[in-house]
Structures are given as structure tokens and as C-alpha cells.
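Q:
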Amino acid sequence: MRSTTSSRAPAVSRDRHPAPGGTRRPQPARPAPPRTDARYAEAVVDLAAVAHNTELLAARARGALMAVVKADGFGHGAAHVARTALAHGASWLGVTSTAEALALRAEGITAPVLSWMHLPDEDFTPALLAGVDLAVSAPVHLAGIAACAARSGVAARIHLKADTGLRRNGAPPADWPALVRHARALETRGLLAVRGLWSHLVDPDGPGPGTAAQVAEFERSVATARDAGLRPELLHLANSAAGLTAPRTHFDLVRAGLGLYGVEPVPGRVFGLRPAMTLRARAIMARPVAAGEGVSYGHAYTAAQDGTLLLVPLGFADGVPRAASGRARMWVAGAQRPVAGRIAMDQCVLDAGALAVGIGEDVLVFGPGDRGEPTAADWARWAGTNPHEVLTGIGARVPRRYLPAPAPAPSPSPSPSPTPKPAPKPAAKPTPTETETDHRV
85 MRSTTSSRAP AVSRDRHPAP GGTRRPQPAR PAPPRTDARY AEAVVDLAAV
135 AHNTELLAAR ARGALMAVVK ADGFGHGAAH VARTALAHGA SWLGVTSTAE
185 ALALRAEGIT APVLSWMHLP DEDFTPALLA GVDLAVSAPV HLAGIAACAA
235 RSGVAARIHL KADTGLRRNG APPADWPALV RHARALETRG LLAVRGLWSH
285 LVDPDGPGPG TAAQVAEFER SVATARDAGL RPELLHLANS AAGLTAPRTH
335 FDLVRAGLGL YGVEPVPGRV FGLRPAMTLR ARAIMARPVA AGEGVSYGHA
385 YTAAQDGTLL LVPLGFADGV PRAASGRARM WVAGAQRPVA GRIAMDQCVL
435 DAGALAVGIG EDVLVFGPGD RGEPTAADWA RWAGTNPHEV LTGIGARVPR
485 RYLPAPAPAP SPSPSPSPTP KPAPKPAAKP TPTETETDHR V
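Going by the numbering used here, the first residue of the sequence shown is number 85, and it counts up by one from there.
(1) Would you call the segment 326 to 345 in contact with the segment 379 to 396, where contact means no fewer than 3 C-beta pairs closer than 8 Å?
(2) Keeping to the same chain, check which residues put their C-beta closer than 7 Å to that of Ala340; ignore five residues upstream and five downstream.
(3) Taking 7 Å as the cut-off, does the CB of Gly382 come closer than this to any heavy atom belonging to the ligand ATP?
(4) Looking at the strands, I want to know which residues DSSP matches up with Val396.
(5) Out of curiosity, what's the CA-to-CA distance linking Arg315 and Arg279?
(6) State the DSSP-derived secondary structure class of Ser199, mapped to helix, strand or coil.
(7) Counting C-beta neighbours from all protein chains within 10 Å, is the total for Asp289 16 or more, i.e. buried, or is it exposed?
(8) Look up His225 in the DSSP assignment and give the residues it is bridged to.
(9) Give every residue of the same chain whose Cβ lies closer than 7 Å to the Cβ of Pro504, excluding the five residues on either side of it in the sequence, and list them in chain order.
(10) What are the residues that DSSP puts in a beta bridge with Val126?
(11) Just how far apart, CA to CA, sit Met361 and Arg304?
(12) Near Pro405, what residues of its chain come up, given a Cβ to Cβ distance below 6 Å and the 5 sequence neighbours on each side ignored?
(13) Is the number of C-beta pairs between the segment 183 to 195 and the segment 347 to 364 that are closer than 8 Å three or more?
(14) Going by DSSP in three states, Gly391 sits in which element: helix, strand or coil?
(15) Is it true that the CB of Ala162 sits closer than 8 Å to the CB of Val347?
(16) Helix, strand or coil, according to DSSP, for Asp217 in the structure here?
(17) I'd like the list of long-range same chain contacts for Tyr385, defined as Cβ closer than 6 Å, with 5 residues on each side in sequence excluded.
(18) If distances are taken between C-alpha atoms only, which option among Phe400, Cys432 and Val338 comes closest to Arg144?
(19) Would the beta-carbon of Met414 fall within 8 Å of that of Leu448?
(20) Taking Leu198 as the reference, which of Ala240, Ala234, Ala233 and Ala230 has the closest Cα?
(21) Tell me whether Arg252 is buried or exposed, calling it buried when 16 or more other Cβ atoms sit within 10 Å of its Cβ.
(22) From the DSSP output, which residues share a beta bridge with Gln420?
(23) Take Asp402 as the anchor and find which of Arg411, Ala412 and Cys432 has the nearest alpha-carbon.
(24) Based on Cα-Cα distance, which residue from Trp463, Leu244 and Gly391 lies nearest to Thr308?
(25) Using three-state DSSP, classify Asp446 as helix, strand or coil.
(26) At what residues does the beta strand (DSSP E) containing Ala407 begin and finish?
(27) Can you check DSSP and say which residues form a bridge with Ala340?
(28) Could you tell me whether the Cβ atoms of Leu212 and Ser236 are closer together than 8 Å?
(29) What do you reckon, are the CB atoms on Ala132 and Ala489 nearer than 8 Å?
(30) Could you check the C-alpha separation between Asp156 and Asp390 for me, to the nearest Å?
(31) Of the residues Leu270, His284, Gly376 and Arg484, which one's Cα is nearest the Cα of Ala255?
(32) For a test of the three-state rule: what should DSSP assign to Thr180, helix, strand or coil?
(33) Could you check what DSSP says for Leu318 in three-state terms: helix, strand or coil?
(34) Spell out the partners DSSP gives Pro372 in its beta bridges.
(35) Quick one: what's got a C-beta closer than 8 Å to Arg265's C-beta in the same chain, skipping five residues either side?
(36) Are Asp435 and Leu393 closer than 8 Å when you measure CB to CB?
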């Protein structure tokens, strides 16, 4: 039986049973999922906000800045965010998988990109040929990368990851010496170059009680690697929160994720980041409701007064969290109003109360908060989750519309790149210069 895959990688066939003669069987194109009509709902991504956030984070970083664009750029569109961030201070990109990295290359983006989570039996050859840096946490990945490098004739660039306390991926302290010795042996054979050493902080919201111990453990891991003969160019540990609050964690590179998209990463502190996404919709139905009448499934909500209900064409299939039912609010006609009852798969009901509203009314699910509308952080609180889940949950049915970023300010004395330039690739597509709608899957 032929195996199938749901990967969003570029067109790399995974058919293990070629047709006679060694040719690949044609792979049927997957139809794009139906999209909500942009006249009724859309996610508006402000690339000027991404540019502002990148510049702010880059200014605070003691070394280089990596723009983390995994999960399609936290739902904002990886290629759009990557181009904008690279034009405004980032010099690296970070993604979860080689499929995500290859998708950036297919868009003509040539900047250094690190991919950090791999299958045990992954074919790394396409990534090596595309100049993608690969993270290594375990011997199985090191062996697989070396084998692909030997077959392809392309030396791999790798970043060895040490587990300094998170206990997720990364080599634990007991396994680290053997991993770095093995990497050094493969390096001397010309199969790979250890370009970086890295780890991940336990406390994502800023320095915590264990941060100092993690820094010390990371420094011990670096010393062990150097004793084995490795000479990495880059050491990296910090995320957005640490990049803003803990210079001791910066080393050579800060990996900015949530902050890049404008969510303040440290609870209770404001650094001037600007949320980049606004989720909006238009009411497709309006109907009167009397005080005491129940609304939506189970009548979990009862109208407190006579007024108007608006039907909003977004539900949990689009990323509006059902867990926020009973607490969530949306912005309509200059006021926050409660979501009435349970959020359904494709729709939810907004109690507009006595506001003078009707069909076609503009509804803001969340946005920057400048007008008083809820933010993604508000929705995270209502749903009992984090803003990452809210932003990445906005589904493929919701069209994206992009507002342009300004041109980057010219630098009188540009600093040299901290890393060698990869082999030339097709020219990158420019950052959008006008509002555009993205209809990609």
C-alpha cells in the first residue's frame, strides 16, 4: 500500500513506488480548501507593525536577530513576514521543519534559515541542496544528516542543541559529550560543519528562577564542545522575552517569535510592540432578541435586555476558540459586546444590546486594541491558553490581506553579515508595496 503524506513541503515527491521505467507517478494536486469570502471575514496583517517590531527587537539584541516564522509565520504568512523582517533588522529565519524551510526557498528567500525538528528517517538531501541549516539533538539525526551529505556531496551546516533543563528535545548533559565528539569526527571528514550551539529556555515569559542555572549549564555545554575541537560561529539561547529583558542570555543570536508579531511577551510589561493581525468580519444576519431569551446551543446564554443579535461568520473551525465561550467579547459600533452563548464551528452570535446595528456591520474579533477592541492576548485569557495558540489557530479558510511595510531606512555603514552568504538562489520576491490578498493554502 502506498503511503500518503499531508506535508506542505514544496513539490518533492514521496511516492516510494515509481512507475515502470523509474519515472514517478504523477501526484494529484490537492484542491485548496474552500475559503470564507473576504467580503465577510478576513485577517488583516499589518507588515508595518512587523517591521516596527523587528527593528525594536533587533535594537535590543546584543547580537544578530532570528525571525521565527514557523507555523506559517504564527498564522501571519511566513514568506510575507520573512521578507519584512529581513528588510528591517533580522538576518536569520527559524522554522520547525525542513518542509517549512523549503517553502521559504521556493519563495525565493535566500537568507540563512534554521530548521529544528526532524523525523528519525528523514531525507535531508533537499534541505542540504537548498542551503538549510539543520538542528541536531540526537545521534539518529546526526547519522542521517551525515549519510545524506555523503550521498549528495554537500556538507551539512548544523546547530547542536543541548538540553539545559526544558527536557523536551536537545541532548541531555549525560549524552552531550558523545554527541559533540561524534559531530567533530564527522566534521573532520568534511561531511558537516558545526555552525552553532543552542538551547531553549524553560521560562518563556522572561527570566525565571532557573534561568541563571540554564545559562550556566549552556556555558558548560559550550565548553565541552570546544574541548572536543568544535568552533561554532553562533551560540543562541534567548527568545523574545529574554531578548527584551535578559541580556545575559543573548550570546550571538536572539530567536524572536511572539514578539515579532506584536504580542508583549512578558506579562505586565510593555515594550512598545505593535500587534500585526486584525481578525474582522461582517455580520451576515441581525435579529431582535427579548430579555430572558436563550441564545445558541444549550441556551447557555440568556439575553439581559431587549436588543439585537448579530450573526458573525467565524467559528472554531476558523480559529475562534470555543473555549472562550461565555467570556469572549467582540468590538462592534464602538463598543465591546459579549459573544452570546457557545461558539459554533462556523459561526457565533454577538449580543449587540441596544446598539443601532444591522446586517453588514463591521465586527472586530481582535486587533491591536487601539480602538478598544479585544486583542489576541485577551482571547488567550478568555480561552485559558496563550496568544501563540490564538494566532496560529486562525485557519486556512480565513483570507489574509496584507498592508505594506515602509521601506527600510538606509544604513550609513552597514555591518558585515555574521554568517557566510548561501549559494545564489532566485531573487527574492519584494516585500509587498500595496495592499494584497493572499489566497494560498
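In this text, a Cβ means the ideal position worked out from N, Cα and C, and glycines have one as well.
A: If we stick to the structure as given:
(1) no
(2) Start at 1 with the first residue of the sequence shown, and residue 340 comes out as number 256. So the list reads Leu141, Leu149, Met150, Ala151, Val152, Ser324 and Gly327, once near-sequence residues are dropped.
(3) Summarising the ligand content, the structure contains no ligands, and the ligand ATP is consequently not present.
(4) Within the sequence shown, residue 396 is the residue found at index 312, counting from 1. According to DSSP, Val396 bridges with Cys432.
(5) For the purposes of this step, residue 315 is taken as residue 231 along the sequence shown, with counting starting at 1. For the purposes of this step, residue 279 is taken as residue 195 along the sequence shown, with counting starting at 1. If I take the Cα positions, the gap works out to 8 Å.
(6) The count along the sequence shown starts at 1 and reaches residue 199 at position 115. Reduced to three states, the DSSP call for Ser199 is strand.
(7) Counted from its first residue, the sequence shown places residue 289 at position 205. Buried.
(8) As a working note, residue 225 is residue 141 in the sequence shown. None; His225 has no bridge partner.
(9) Translated into positions along the sequence shown, residue 504 becomes position 420. Legend: pLDDT at Pro504 = 42, less than 50; position of this residue unreliable, no value from coordinates given.
(10) As a working mapping, residue 126 is identified with position 42 in the sequence shown. One point to set straight first is that residue 126 is Glu, not Val, in the sequence displayed. In the DSSP assignment, Glu126 is bridged to Arg364.
(11) Residue numbering aside, residue 361 sits at position 277 when the sequence shown is read from its first letter. Residue numbering aside, residue 304 sits at position 220 when the sequence shown is read from its first letter. Distance between the alpha carbons of Met361 and Arg304: 40 Å.
(12) What you label residue 405 is simply residue 321 of the sequence shown in a count that begins at 1. Ala467, listed in sequence order.
(13) no
(14) As a first step, residue 391 is located in the sequence shown; it is residue number 307 there, counting from the start. Note: Gly391 maps to strand in three-state DSSP.
(15) To locate residue 347, count along the sequence shown from 1; it is residue 263. To locate residue 162, count along the sequence shown from 1; it is residue 78. In this structure, Ala162 does not lie closer than 8 Å to Val347 by Cβ.
(16) Stepping through the sequence shown from its first residue, residue 217 is reached at position 133. Strand at Asp217.
(17) Here residue 385 corresponds to residue number 301 of the sequence shown, with the count starting at 1. Around Tyr385: Val379, Ala424 and Gly425.
(18) Stepping through the sequence shown from its first residue, residue 144 is reached at position 60. For Arg144, the nearest C-alpha among the options comes from Val338.
(19) Indexing the sequence shown from 1 puts residue 414 at position 330. Indexing the sequence shown from 1 puts residue 448 at position 364. The beta carbons of Met414 and Leu448 sit closer together than 8 Å.
(20) Here residue 198 is taken as the residue at index 114 of the sequence shown, counted from 1. Leu198 has its Cα closest to that of Ala240, out of Ala240, Ala234, Ala233 and Ala230.
(21) As a first step, residue 252 must be located in the sequence shown, where it is residue number 168. Counting Cβ neighbours within 10 Å, Arg252 comes out exposed, since fewer than 16 surround it.
(22) What you label residue 420 is simply residue 336 of the sequence shown in a count that begins at 1. In DSSP, Gln420 forms a bridge with Trp415.
(23) Residue numbering aside, residue 402 sits at position 318 when the sequence shown is read from its first letter. Of Arg411, Ala412 and Cys432, the residue nearest in Cα terms is Cys432.
(24) Taking the sequence shown and counting its residues from 1, one reaches residue 308 at position 224. Nearest of Trp463, Leu244 and Gly391 to Thr308, Cα basis: Leu244.
(25) Stepping through the sequence shown from its first residue, residue 446 is reached at position 362. In the structure shown, Asp446 sits in a strand (DSSP, three-state: E or B).
(26) For the purposes of this step, residue 407 is identified with residue 323 of the sequence shown, where counting begins at 1. That residue, Ala407, is in no beta strand (DSSP E); it is neither H nor E in DSSP.
(27) The residue labelled residue 340 in the question sits at position 256 within the sequence shown. Answer is Ala151.
(28) Counted from its first residue, the sequence shown places residue 212 at position 128. Counted from its first residue, the sequence shown places residue 236 at position 152. The Cβ atoms of Leu212 and Ser236 lie closer than 8 Å to each other.
(29) Against the sequence shown, residue 132 aligns to sequence position 48. Against the sequence shown, residue 489 aligns to sequence position 405. Yes; because the gap between Cβ atoms is below 8 Å, this pair is in contact.
(30) Looking up residue 156 in the sequence shown gives position 72. Looking up residue 390 in the sequence shown gives position 306. Their backbone Cα atoms lie some 43 Å apart in a straight line.
(31) The residue you call residue 255 lines up with position 171 of the sequence shown. For the residues Leu270, His284, Gly376 and Arg484, the minimum Cα distance to Ala255 belongs to His284.
(32) Along the sequence shown, one-based indexing puts residue 180 at 96. Residue state, collapsed to three classes: coil.
(33) Taking the sequence shown and counting its residues from 1, one reaches residue 318 at position 234. Reduced to three states, the DSSP call for Leu318 is strand.
(34) Here residue 372 refers to the residue found at position 288 of the sequence shown. According to DSSP, Pro372 bridges with Thr392.
(35) What you label residue 265 is simply residue 181 of the sequence shown in a count that begins at 1. These residues qualify, in order along the chain: Ala312.
(36) As a first step, residue 435 is located in the sequence shown; it is residue number 351 there, counting from the start. As a first step, residue 393 is located in the sequence shown; it is residue number 309 there, counting from the start. Against a cut-off of 8 Å, the Cβ pair of Leu393 and Asp435 comes out as a contact.
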